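Okay, so here's the structure we're looking at.
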Amino acid sequence: MSIKDDLQSNFRSEYLKARVNVYLTNVYLMDKMNQIIKPHKLSIAQFNTLRILRGQYPKTASIGLIKERMVDKNSDISRMIDRLFAKKLVDRVECKNDRRQKDIKITKKGLDILTTIDVLEINLDNSLHHLSETEITELNRLLDKMRE
């Protein structure tokens, strides 16, 4: 179904239509991701943090590194780490260079949850297979260009 049919609206320009279309697609994909992570009682930001930590594993990551790599730069990293620590998904490790600082490391439980989510994410990706490889490449190129 087209965006015009979904919203039952005409747009004053193709630029506005594209902006609304990208927004609606974001809402759609975020809803799908929330359905995947909800059983694990994770927010999108917590999920993003765990993925960053998995990328660092078996090394630790500083709060600064996590914040720098977050998709949503407005997340309160310290509180989020507290929540993940309470769920035993991350550990705090004394920083070798500065004993006052605690670095963060994903736990086996955190890694196991991400492994489970990975399978479900593959299913979500497979739902996009009605788009050809060429179309997906072009979509990625256009979305990158839009953010320039």
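Counting in our numbering, the sequence shown runs from 1042 upward without gaps. Note that CB positions come from ideal geometry on N, CA and C, so glycine has one too. What you are looking at is a predicted structure, and each value in this text was computed from that prediction instead of being measured.
Three-state secondary structure (DSSP) of E1109: helix
Alpha-carbon spacing of L1180 relative to K1082, whole angstroms: 31 Å
Per-residue burial, T1175 [other beta carbons within 10 Å of its own, 16 or more giving buried]: exposed
Distance CB(I1104)-CB(I1118) smaller than 8 Å: yes
Beta-bridge pairing of A1102 - partner residues as DSSP gives them: I1145
Identity of the residue in K1128, M1111 and L1070 nearest S1168 by Cα: L1070
Cβ pair I1107, L1130 closer than 8 Å: no
Cβ neighbour criterion (16 or more within 10 Å) applied to L1125: buried
Segment limits, alpha helix (DSSP H) that includes R1092: I1085 to Q1097
Beta-carbon proximity of T1101 to D1153, cut-off 8 Å: no
Where L1155 falls, given that 16 or more other Cβ within 10 Å makes a residue buried: buried
Beta-carbon proximity of N1089 to M1111, cut-off 8 Å: yes
Delimiting residues of the beta strand (DSSP E) encompassing E1135: V1131 to E1135
C-alpha gap between D1113 and I1085, whole angstroms: 9 Å
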